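Asks:
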Amino acid sequence: KAGVTQTPRYLIKTRGQQVTLSCSPISGHRSVSWYQQTPGQGLQFLFEYFSETQRNKGNFPGRFSGRQFSNSRSEMNVSTLELGDSALYLCASSLEGGAGGYTFGSGTRLTVV
Amino acid sequence: GQQVMQIPQYQHVQEGEDFTTYCNSSTTLSNIQWYKQRPGGHPVFLIQLVKSGEVKKQKRLTFQFGEAKKNSSLHITATQTTDVGTYFCAGNGGATNKLIFGTGTLLAVQP
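Line by line, the protein sequences are chains A and B.
Per the numbering used here, residue 1202 is the first one in the first sequence, and the count goes up by one each step.
Per the numbering used here, residue 76 is the first one in the second sequence, and the count goes up by one each step.
Structure follows, in structure tokens:
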């Protein structure tokens, strides 16, 4: 079966711009979580969506937002980009409650210049 | 908030040596998951432990969940170069039950 698909794979943006990242989960997975990975901070939880509802949110500023559509696809948006937002953004999908573990996509590498 | 720490941060071993990484949570976990991330790759799910004191094995890998459900360990017997990567534990716990990742242990294996 197809894995978790994230687009785009790479992105270069300028400070102050906004960006939208996309994630298509594994078919049948209704839970989608987003993580930010940086060398210094590791894997930081951004948010989790289930059936179009945000169930959990991490400790990120309001510039980071997300949503989930009825087909379980999810997007995250970062507005007013800062240099510190440069990171690998990973999306992971799972069955409800994380049963069987989370399947990660290959990520979107965002560079803010 | 909930924190999950792992030690060591980095381990360099000779091929054939054993390796262990330890995971400690500040809160009781409902379950613990382990992931492996190869250099340049993304985390890949290895296993999930749910019961207090649970031990599971996958070939040369042994996973344990502590009795208090606040700590866990991953032990690799006779490491191989294919074991290279960062090993993360991740736990569900606390009021929100979100999956929080540990700080990770980077394993380097010298042939």
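For every residue, glycine included, the Cβ atom is placed at its ideal position computed from N, Cα and C.
No experiment lies behind these values; they were computed from the predicted model shown.
#1: Could you pull out every residue in the same chain whose Cβ sits closer than 6 Å to the Cβ of Ser-1223 of chain A, ignoring the five residues on either side in sequence?
#2: Ser-1307 of chain A versus chain B: which residues are under 9 Å apart at the beta carbon?
#3: Within a Cβ cutoff of 7 Å, which residues of the same chain sit near Ser-1307 of chain A, ignoring the five residues on either side of it in sequence?
#4: So Gln-108 of chain B contacts chain A; which residues on that side make the cut at Cβ distance below 9 Å?
#5: Can you give me the C-alpha to C-alpha distance between Ser-1294 of chain A and Glu-90 of chain B, rounded to a whole angstrom?
#6: By the DSSP assignment, the beta strand (DSSP E) with Val-88 of chain B in it spans what residues?
#7: Cα separation between Lys-1258 of chain A and Val-159 of chain B?
#8: So which residues on chain E does Ile-175 of chain B lean against when the C-beta distance must stay under 8 Å?
#9: For Asn-167 of chain B, which residues in chain A fall below 7 Å Cβ to Cβ?
#10: Tell me, please, whether the CB atom of Thr-154 of chain B is closer than 8 Å to any CB atom in chain A?
#11: Apply the 10 Å Cβ neighbour rule to Val-130 of chain B and answer buried if 16 or more other Cβ atoms are within range, or exposed otherwise.
#12: Once DSSP output is grouped into helix, strand and coil, what is the label at Leu-1284 of chain A?
#13: Under 8 Å by Cβ, that's how I've got Ile-1227 of chain A and Thr-1304 of chain A pegged, so tell me the actual separation to the nearest angstrom.
#14: What residues match up with Glu-1253 of chain A in a beta bridge as DSSP calls it?
#15: Listing by chain order, which chain B residues have their CB less than 7 Å from the CB of Ser-1234 of chain A?
#16: For Val-1313 of chain A, write down the residues that DSSP places opposite it in a beta bridge.
Replies: The answer reads as follows:
#1: For the purposes of this step, residue 1223 of chain A is taken as residue 22 along the first sequence, with counting starting at 1. Only Thr-1208, Glu-1276 meet the Cβ criterion.
#2: Within the first sequence, the letter at position 106 stands for residue 1307 of chain A. In chain order: Gly-116, His-117.
#3: For the purposes of this step, residue 1307 of chain A is identified with residue 106 of the first sequence, where counting begins at 1. Result list for Ser-1307 of chain A: Gln-1207, Arg-1210, in chain order.
#4: Start at 1 with the first residue of the second sequence, and residue 108 of chain B comes out as number 33. Correct list: Gly-1299, Gly-1302, Tyr-1303.
#5: Mapped onto the first sequence, residue 1294 of chain A falls at position 93. Mapped onto the second sequence, residue 90 of chain B falls at position 15. Distance between the alpha carbons of Ser-1294 of chain A and Glu-90 of chain B: 34 Å.
#6: As a working mapping, residue 88 of chain B is identified with position 13 in the second sequence. Run containing Val-88 of chain B: 85 to 89, per the beta strand (DSSP E) assignment.
#7: Sequence index remark: in the first sequence, residue 1258 of chain A carries index 57 (1-based). Sequence index remark: in the second sequence, residue 159 of chain B carries index 84 (1-based). Using only the alpha carbons, I get a separation of about 32 Å.
#8: No chain E is present in this structure, whose protein chains are A and B.
#9: Reading the second sequence from its first residue, position 92 is the one you call residue 167 of chain B. Correct list: Gly-1299.
#10: Taking the first residue of the second sequence as position 1, residue 154 of chain B is located at position 79. Closer than 8 Å: no.
#11: Translated into positions along the second sequence, residue 130 of chain B becomes position 55. Its Cβ having fewer than 16 others within 10 Å, Val-130 of chain B is exposed.
#12: Against the first sequence, residue 1284 of chain A aligns to sequence position 83. DSSP places Leu-1284 of chain A in helix when its eight states are reduced to three.
#13: One-based indexing of the first sequence puts residue 1227 of chain A at position 26. One-based indexing of the first sequence puts residue 1304 of chain A at position 103. That pair is a contact at about 6 Å.
#14: Here residue 1253 of chain A refers to the residue found at position 52 of the first sequence. DSSP lists no partner for Glu-1253 of chain A.
#15: For the purposes of this step, residue 1234 of chain A is identified with residue 33 of the first sequence, where counting begins at 1. Going along chain B in sequence order, the residues near Ser-1234 of chain A (Cβ under 7 Å) are Leu-174.
#16: Within the first sequence, residue 1313 of chain A is the residue found at index 112, counting from 1. Looking at the DSSP assignment, Val-1313 of chain A forms a beta bridge with A:Lys-1214.
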